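A.B. asks: Heads up: the sequence shown at position 247 corresponds to 239 in the numbering used here, and the numbers run straight through without jumps.
Ideal Cβ placement from N, Cα and C applies to all residues, glycine included.
The structure displayed is predicted, hence computed values, not measured ones.
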Amino acid sequence: MNILGIDFGTTKTLAARWDDRTQMPRTIRLGRSGDAIPTTIYADKCGRLEFGEDADDMRVLDGAGWKGRIKRDLGKGSSVVLNSHSYRVVDLVASYLYYILRRAEEEVFHGPVDRAVITVPALYGPAERDELKQAAAQARFKTFELLDEPVAAGLAFLHDKTGTELGDAIMVFDWGGGTLDLALVESQDGEFKVNHRWIGGDKNLGGEDIDDSVIEGVDVLCSEEHGRVDEQEDQMRLHIQRNLKEGKELLSRRSEHTFRLRFKQPIEFKWSREEFETFMATAMNRALDCLREQLRKMTAEGIKPKQVLLIGGSSSIPVIKRRIEDEMGIKPILWEHSQTAVALGAATHAVRSFRPSQPVSPGRGATPPQVQKKYSREVISAPSYSTSQSIAFGDTNRPPKVPKKYTREVISPSSSSTPQPDNTSNTTLPPKLPKEYCEGKPAQTSMLSSCFRSLECVPSFVWGLLFFGIVLPMLRSCSGN
């Protein structure tokens, strides 16, 4: 059975599969230089979509078509405008998830995904969960669940440490690129669960906010002589932001780092780790305030966690580990798989939660099981706040049938900025993907080729004017000479 776990993150997305041979999950390659792929989307002037690194390449040339941090827009029923085209957030997320699904099916499984688990922040409410379920259904996942990110991380860790003396409960401090999740993950009758009385955090606090604080620090140093970072030209601003982000990650491992940035004139300055920590103090104090509030609620009920697991890139910053140890009196656990724990846990949960009575595709040649009433379509629109939720759609051996009224035009871009109607049906197709990908190949295009391809958007009458107004007179002039 083809199992897929997806850590749909604010800044990056990871996916993992279950390896039947080793009985362990492992991540799959999605990015150009690693397993993770940026959670970014680009729409050109013709309405074609690109994702990940391909989208980031086009951001330098055409920032008006680029969108990042789209996960933070879920649950608002909102739309975004990219290159004068209006898209519902649900539809863009559906297209991104469809891209991940197609990559996994064509490059890893060489067949359909039977069961998928998509992770969400523990603080997500019914609105965010419902919109993500709509997006996953539009992306044509046959059977999928939503799983809280701390549960996935704790499950992956405890599964890897089976037989050790870590106990049956662990406090998860999950600080990723866009969200902070705090949760107590417990093992009950062989199942790992989060009691929603003991969750906390901030769904709008992540590594991206630390990056913004670092940019503000650079503005303090350089604005008088070179101007603010956000006042620079597009290419220069993106270069500065990329170098500052890389420097922030290096300062997690080094005591100091020399930054070389290209404003109108190249500049160079050195930061120590202590200086970096002063710039990120605001975001760090917000995270620690969330931790104190969580501990206060648990202490009032006589609960004191014995282990703390650090998950996510922001948790690896040394000062975070020191401050958590000071607050809790417990030495936090740094795990070698902390960056991939959520995706690994999602794949592990998909296998553990499978039961013969559940509507999972049994593979080729087998008769699909009957869909139980509790897994009917009504589940997708029912507000719920449970740890994981299952959805299935009729015959699990083929995608859901698309009613005639739900054609691609429903979610194709319109020139108007008016949001499109919120069609709650889970059978609408995702927006049209780039031609290269629809032919079965990932759209790994270079910046130059993407630029030339955008010339297809120029109307034919413009080419005619150029030919008769410029090229033809030049040819006549040459022939006369």
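(1) What does a CB cutoff of less than 6 Å around glycine 193 pick up in its chain, not counting 5 residues either side in sequence?
(2) Compare the Cα-Cα distances from leucine 197 to each of Glu42, Ala7, Thr274, Gly239 and report the closest residue.
(3) Taking the alpha carbon of glycine 337 as the point to measure from, which residue in Glu141, Glu97, Arg246 has its own alpha carbon closest?
(4) Less than 8 Å separating the beta-carbons of glutamate 200 and threonine 3?
(5) Please classify phenylalanine 268 as buried or exposed, where buried requires at least 16 other C-beta atoms within 10 Å of its C-beta.
(6) Which same chain residues, not among the five before or five after isoleucine 325, have their C-beta less than 7 Å away from its C-beta?
(7) Would you list, in sequence order, the uninterrupted alpha helix (DSSP H) runs of no fewer than 4 residues that lie entirely inside the region 264 to 296?
(8) Less than 6 Å between C-beta atoms, sequence neighbours within five positions excluded: which residues of the same chain meet that for aspartate 12?
(9) Would you call the CB atoms of glutamine 331 and glycine 305 closer than 8 Å?
(10) What's the call for valine 210, buried or exposed, on a 16-neighbour Cβ count within 10 Å?
(11) For arginine 468, name the three-state secondary structure that DSSP assigns.
(12) Starting from the C-beta of alanine 127, find all residues in its chain whose C-beta is less than 7 Å away, skip the five residues before and the five after it, and write them out in chain order.
(13) Jot down the residue ranges of each uninterrupted alpha helix (DSSP H) in the region 60 to 105, minimum 4 residues, whole runs only, in chain order.
(14) Does DSSP put arginine 189 in a helix, a strand or coil?
(15) By DSSP's criteria, threonine 111 is part of a beta bridge. Which residues make up the other side?
(16) Going by beta carbon distance, what residues of the same chain come within less than 6 Å of serine 244, once the five residues before and after it are set aside?
(17) Between glycine -3 and alanine 7, how many whole angstroms is the CB-CB distance? I'm expecting something under 8 Å.
(18) Could you tell me the distance, in whole angstroms, from the CA atom of leucine 139 to the CA atom of glycine 103?
(19) Could you check which residue in Thr14, Cys38, Leu280, Phe43 has the C-alpha nearest to that of alanine 28?
(20) State the CB to CB distance for the pair leucine 213 and phenylalanine 261, rounded to an integer number of angstroms; the pair is presumed to be in contact (CB under 8 Å).
(21) Which residues in the same chain as arginine 18 place their Cβ atom closer than 7 Å to its Cβ, once the five residues preceding and following it in sequence are excluded?
(22) With DSSP as the reference, label phenylalanine 43 as helix, strand or coil.
(23) For lysine 240, count neighbouring C-beta atoms within 10 Å of its own C-beta (all shown protein chains included) and say buried if the count is 16 or more, exposed if not.
(24) For leucine 147, tell me which candidate among Phe251, Leu467, Ala119, Glu178 has the shortest Cα-Cα distance.
(25) Considering valine 334, what are the terminal residues of the alpha helix (DSSP H) in which it resides?
(26) Which two residues bound the contiguous beta strand (DSSP E) that contains lysine 313?
(27) DSSP has histidine 231 in a bridge; who is on the other side?
(28) Leucine 421 to alanine 129, Cα distance in whole Å?
(29) According to DSSP, is aspartate 201 helix, strand or coil?
(30) Please state the DSSP three-state secondary structure of histidine 151.
(31) Roughly how many angstroms separate the alpha carbons of leucine 150 and glycine 57, rounded to a whole number?
(32) Is DSSP giving glycine 169 helix, strand or coil here?
(33) Count the other C-beta atoms from every protein chain shown that fall within 10 angstroms of the C-beta of threonine 359, then say buried if there are 16 or more, exposed otherwise.
(34) Please classify threonine 111: is it buried, with 16 or more other beta-carbons within 10 angstroms of its beta-carbon, or exposed?
(35) Helix, strand or coil for glycine 1 per DSSP?
C.D. replies: Checking against the coordinates, here is how it stands:
(1) Start at 1 with the first residue of the sequence shown, and residue 193 comes out as number 201. Only residues of its own chain outside the window of five on either side were considered, and among them Leu115, Leu172, Asp173, Leu174, Cys282 have a CB closer than 6 Å to the CB of glycine 193, listed in chain order.
(2) On the sequence shown, position 205 is the one that residue 197 refers to. Minimum Cα-Cα distance from leucine 197 among the listed residues Glu42, Ala7, Thr274, Gly239 corresponds to Thr274.
(3) Here residue 337 refers to the residue found at position 345 of the sequence shown. Taking glycine 337 as reference, the option from Glu141, Glu97, Arg246 with the minimal CA-CA separation is Glu141.
(4) Position 208 of the sequence shown, counted from the start, is the residue given in the question as residue 200. Position 11 of the sequence shown, counted from the start, is the residue given in the question as residue 3. Result yes, Cβ atoms of glutamate 200 and threonine 3 sit closer than 8 Å.
(5) Along the sequence shown, read from residue 1 onward, the residue named residue 268 stands at position 276. Counting other Cβ atoms within 10 Å of its Cβ, phenylalanine 268 reaches 16 or more and is therefore classed as buried.
(6) Numbered from 1 along the sequence shown, position 333 holds the residue referred to as residue 325. Within its own chain, the residues whose Cβ lies closer than 7 Å to the Cβ of isoleucine 325, once the five positions on either side in sequence are excluded, are Gln299, Val300, Leu301, Leu302, listed in chain order.
(7) Segments of the alpha helix (DSSP H) lying fully in the region 264 to 296: 265 to 271, 273 to 292.
(8) The sequence position of residue 12 within the sequence shown is 20, counting from 1. So the list is empty, once near-sequence residues are dropped.
(9) As a first step, residue 331 is located in the sequence shown; it is residue number 339 there, counting from the start. As a first step, residue 305 is located in the sequence shown; it is residue number 313 there, counting from the start. For glutamine 331 and glycine 305, yes; Cβs fall inside 8 Å.
(10) Stepping through the sequence shown from its first residue, residue 210 is reached at position 218. Sixteen is the threshold: when 16 or more other Cβ atoms of the shown chains lie within 10 Å of the Cβ of valine 210, as they do, the residue is buried.
(11) Position 476 of the sequence shown, counted from the first residue, corresponds to residue 468. For arginine 468, the three-state secondary structure derived from DSSP is helix.
(12) What you label residue 127 is simply residue 135 of the sequence shown in a count that begins at 1. The residues are Val82, Val85, Ala86, Leu89.
(13) Runs of the alpha helix (DSSP H) inside the region 60 to 105: 81 to 96.
(14) On the sequence shown, residue 189 is found 197 positions in, with the first residue counted as 1. Residue state for arginine 189 is assigned as strand, using DSSP reduced to three classes.
(15) Start at 1 with the first residue of the sequence shown, and residue 111 comes out as number 119. DSSP lists Leu139 as the beta-bridge partner residues of threonine 111.
(16) Translated into the one-based positions of the sequence shown, residue 244 becomes position 252. Excluding positions up to five away in sequence, the list reads Ser308, Ile309.
(17) If you number the sequence shown from 1, residue -3 lands on position 5. If you number the sequence shown from 1, residue 7 lands on position 15. That belief holds up - the Cβ atoms of glycine -3 and alanine 7 are roughly 7 Å apart, short of 8 Å.
(18) Taking the sequence shown and counting its residues from 1, the one referred to as residue 139 is at position 147. Taking the sequence shown and counting its residues from 1, the one referred to as residue 103 is at position 111. A straight line joining the alpha-carbon of leucine 139 with that of glycine 103 spans about 24 Å.
(19) For the purposes of this step, residue 28 is taken as residue 36 along the sequence shown, with counting starting at 1. Taking the Cα of alanine 28 as reference, the smallest distance to any Cα among Thr14, Cys38, Leu280, Phe43 is reached at Phe43.
(20) The residue given as residue 213 occupies position 221 in the sequence shown. The residue given as residue 261 occupies position 269 in the sequence shown. With a Cβ gap of about 6 Å, leucine 213 and phenylalanine 261 count as contacting.
(21) Locating residue 18 in the sequence shown gives position 26, counting from the first residue. Excluding residues up to 5 positions away in sequence, Ala8, Arg9, Asp11 lie with their Cβ nearer than 7 Å to the Cβ of arginine 18 in the same chain.
(22) As a working note, residue 43 is residue 51 in the sequence shown. DSSP, reduced to helix, strand and coil, places phenylalanine 43 within a strand of the structure shown.
(23) Start at 1 with the first residue of the sequence shown, and residue 240 comes out as number 248. Buried, because 16 or more other Cβ atoms sit within 10 Å of the Cβ of lysine 240.
(24) Sequence index remark: in the sequence shown, residue 147 carries index 155 (1-based). Among Phe251, Leu467, Ala119, Glu178, the Cα nearest to that of leucine 147 is on Glu178.
(25) Position 342 of the sequence shown, counting from 1, holds the residue named residue 334. 333 to 344 is the extent of the alpha helix (DSSP H) around valine 334.
(26) Residue numbering aside, residue 313 sits at position 321 when the sequence shown is read from its first letter. Judged by DSSP secondary structure, lysine 313 falls outside any beta strand (DSSP E) and instead within the alpha helix (DSSP H) spanning 310 to 320.
(27) As a first step, residue 231 is located in the sequence shown; it is residue number 239 there, counting from the start. The partner list for histidine 231 (beta bridge, DSSP) is empty, contrary to what the question assumes.
(28) Position 429 of the sequence shown, counted from the first residue, corresponds to residue 421. Position 137 of the sequence shown, counted from the first residue, corresponds to residue 129. Note on leucine 421: pLDDT 48, under 50, position unreliable in the model; no value is reported.
(29) Position 209 of the sequence shown, counting from 1, holds the residue named residue 201. Looking at aspartate 201 - three-state DSSP - the assignment turns out to be helix.
(30) Taking the sequence shown and counting its residues from 1, one reaches residue 151 at position 159. It is helical.
(31) What you label residue 150 is simply residue 158 of the sequence shown in a count that begins at 1. What you label residue 57 is simply residue 65 of the sequence shown in a count that begins at 1. Their Cα atoms are separated by approximately 42 Å.
(32) If you number the sequence shown from 1, residue 169 lands on position 177. Glycine 169 carries a coil assignment under DSSP once its states are collapsed to helix, strand and coil.
(33) Here residue 359 corresponds to residue number 367 of the sequence shown, with the count starting at 1. Residue placement at threonine 359 is poorly supported in this model, since its pLDDT is 30, which falls under 50; the coordinates still yield a value, given next. Under this definition threonine 359 is an exposed residue.
(34) Residue 111 sits at position 119 when you count from the first residue of the sequence shown. By the 16-neighbour rule on beta-carbons within 10 angstroms, threonine 111 is buried.
(35) To locate residue 1, count along the sequence shown from 1; it is residue 9. It is coil, neither helix nor strand.
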